[in-house]
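These protein sequence lines are chains X and F, in that order. Quick note: the first sequence uses my numbering, first residue -3, plus one each step. Quick note: the second sequence uses my numbering, first residue -5, plus one each step. Don't be surprised by glycine CBs; every beta carbon is placed ideally from N, CA and C.
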Amino acid sequence: AQSVTQLDSQVPVFEEAPVELRCNYSSSVSVYLFWYVQYPNQGLQLLLKYLSGSTLVKGINGFEAEFNKSQTSFHLRKPSVHISDTAEYFCAVRVTQGGSEKLVFGKGTKLTVNP
Amino acid sequence: EAQVTQNPRYLITVTGKKLTVTCSQNMNHEYMSWYRQDPGLGLRQIYYSMNVEVTDKGDVPEGYKVSRKEKRNFPLILESPSPNQTSLYFCASSLGYRRAKNIQYFGAGTRLSVL
């Protein structure tokens, strides 16, 4: 079965520092990968997606991620974080099996940006 | 504005008292899904629907029911809620099953407490 592993449950950083949130997935023939962000007391917002094409994907709020097929990774990066980036980040892979389709999520990484 | 609307946003109830969480989308999406989010577990799919009158179980369907009588609505029903169903629930919708550029859009969430 497809699975997603987010290697860090919590990542504290200082404002303006770079950050990388790590995500690994179990391999499959077709891979569609997503990062969602959940701000405190809010729903999930799509940050970026990899469906095909360029392995470097740019998203909203200055985030980007790189799809690495050989390492089965899809790490999220931002060169300089702001206080407002404090949120929980979820990596997900879209899985299609027989007649079903779903997103399989990692357990989330809480990013805390300190002044 | 394209959106997925869930109601209520917050709900406190008692064990055994039937409740319904509504979900509505205005994007004419075929595919809708319910997830629950629990600390340390990420999001897990409860039920999904590929179109009107077509529903199926996800990973954690026990204790839940759904219906899809209209394309825009996908209510989640808890016939006899129990404390282990205390969770944060998300409804999601997407264009259609097996579409390459399928992206799931999420509602704002419903926080349910069962006492």
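For N67 (chain F), the three-state DSSP class (helix, strand or coil)
Here residue 67 (chain F) is taken as the residue at index 73 of the second sequence, counted from 1. The answer is strand: DSSP assigns N67 (chain F) an E or B state.
If you measure beta-carbon to beta-carbon, which residues of the segment 94 to 106 of chain F are closer than 8 Å to chain X?
A94, K95, N96, I97, Q98, Y99, F100, G101, A102 and G103
In terms of residue numbering, what span does the beta strand (DSSP E) encompassing E84 (chain X) cover?
Reading the first sequence from its first residue, position 88 is the one you call residue 84 (chain X). Run containing E84 (chain X): A83 to Q93, per the beta strand (DSSP E) assignment.
What's the C-alpha gap between L106 (chain F) and R73 (chain X)?
Start at 1 with the first residue of the second sequence, and residue 106 (chain F) comes out as number 112. Start at 1 with the first residue of the first sequence, and residue 73 (chain X) comes out as number 77. Their Cα atoms are separated by approximately 33 Å.
Check whether the segment 83 to 92 of chain X touches the segment 31 to 40 of chain X, counting contact only when three or more Cβ pairs, one atom from each stretch, lie closer than 8 Å.
yes
Applying the criterion that 16 or more other CB atoms from any shown protein chain within 10 Å of the CB defines a buried residue, is I40 (chain F) buried or exposed?
Translated into the one-based positions of the second sequence, residue 40 (chain F) becomes position 46. I40 (chain F) comes out buried.
How would you write the range of the beta strand (DSSP E) that D113 (chain F) sits in, first residue to last?
Missing from the structure shown is residue 113 (chain F); chain F here goes from -5 to 109 and no further.
As assigned by DSSP and simplified to three states, the class of N57 (chain X)
Taking the first sequence and counting its residues from 1, one reaches residue 57 (chain X) at position 61. Here N57 (chain X) sits in helix by DSSP.
Sub-8 Å separation of F70 (chain X) and Y28 (chain X) beta-carbons
In the first sequence, the residue the question calls residue 70 (chain X) occupies position 74. In the first sequence, the residue the question calls residue 28 (chain X) occupies position 32. No, they are not a contact pair.
Within chain X, partners of Y25 (chain F) - CB distance below 8 Å
Taking the second sequence and counting its residues from 1, the one referred to as residue 25 (chain F) is at position 31. Per Cβ cutoff of 8 Å: E97.
Report all residues from its chain with a CB closer than 6 Å to the CB of L40 (chain X); omit the five preceding and five following residues, and keep chain order.
Walking along the first sequence from the start, residue 40 (chain X) turns up at place 44. Contacts found: Y32 and Q34.
Flag V15 (chain X) as yes when its Cβ comes closer than 7 Å to any non-hydrogen atom of the ligand MG, and as no otherwise.
Summarising the ligand content, the structure contains no ligands, and the ligand MG is consequently not present.
Neighbour flag for G102 (chain X) against chain F, beta carbons, 8 Å:
Counting from 1 along the first sequence, the entry for residue 102 (chain X) is found at position 106. By this cut-off, G102 (chain X) is an interface position.
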